[in-house]
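S.K.: Once you know that position 44 of the sequence shown is 44 in the UniProt record's numbering, the rest is easy, because the numbers rise by one and skip nothing. No residue lacks a Cβ here, since even glycine has one placed at the ideal position from N, Cα and C. Everything numeric in this text was worked out from a predicted model, so none of it was measured. Have a look at this one.
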Amino acid sequence: MPQRFGSNPLLSSPIGNGDLLSRVTFKYDGSTIVPGEQGAEYQDFIQQCTDDIRLFAFVRFTTGDAMSKRSKFALITWIGENVSGLQRAKTGTDKTLVKEVVQNFAKEFVISDRKELEEDFIKSELKKAGGANYDAQTE
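Pasting the structure below:
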């Protein structure tokens, strides 16, 4: 069974409110989930998603319509295509530990296909989860 997280620097420095920090990852160190990289560029996160790892990410995206822009958060679980079946199964239960730290997000994603990591796809799904869209000019 994975061990619980140690102290998390993001709890004292949350992402949001205009900070340059827009994402944080949680990775496996053996069977322990530990804080991974953090940063401002979503593309840097995508580069971490290789076929042989499992990774959790808490990512901030700016969404909205012409009248209102707001931050929306996504919890992304990446499971590479070459991850074993047993590790895949454990990822689902391990995610409960991540959710003890990352509690507020608009939408949760479980992704194994790099195409689904595209920023436009994630933003589109977050926009759908956000409810009403008053931007009649673009739709």
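Secondary structure at V110, three-state DSSP: helix, strand or coil?
M.R.: Stepping through the sequence shown from its first residue, residue 110 is reached at position 110. V110 falls in the strand class under three-state DSSP.
S.K.: Would the beta-carbon of D52 fall within 8 Å of that of V102?
M.R.: The sequence position of residue 52 within the sequence shown is 52, counting from 1. The sequence position of residue 102 within the sequence shown is 102, counting from 1. Contact: no.
S.K.: Measuring alpha carbon to alpha carbon, tell me which of D113, A129 and V24 ends up nearest A40.
M.R.: Mapped onto the sequence shown, residue 40 falls at position 40. Of the listed residues, the one whose Cα sits closest to A40 is V24.
S.K.: Return yes when the Cβ of F73 is within less than 8 Å of the Cβ of N104, no when it is not.
M.R.: The sequence position of residue 104 within the sequence shown is 104, counting from 1. The sequence position of residue 73 within the sequence shown is 73, counting from 1. Their beta carbons are under 8 Å apart, which means N104 touches F73 by this criterion.
S.K.: Could you pull the start and end residues of the alpha helix (DSSP H) that F121 belongs to?
M.R.: The sequence position of residue 121 within the sequence shown is 121, counting from 1. That run of the alpha helix (DSSP H) goes E119 to A129.
S.K.: Return the CA-CA distance between V34 and K95, expressed in angstroms with no decimal places.
M.R.: Indexing the sequence shown from 1 puts residue 34 at position 34. Indexing the sequence shown from 1 puts residue 95 at position 95. C-alpha separation (whole angstroms): 12 Å.
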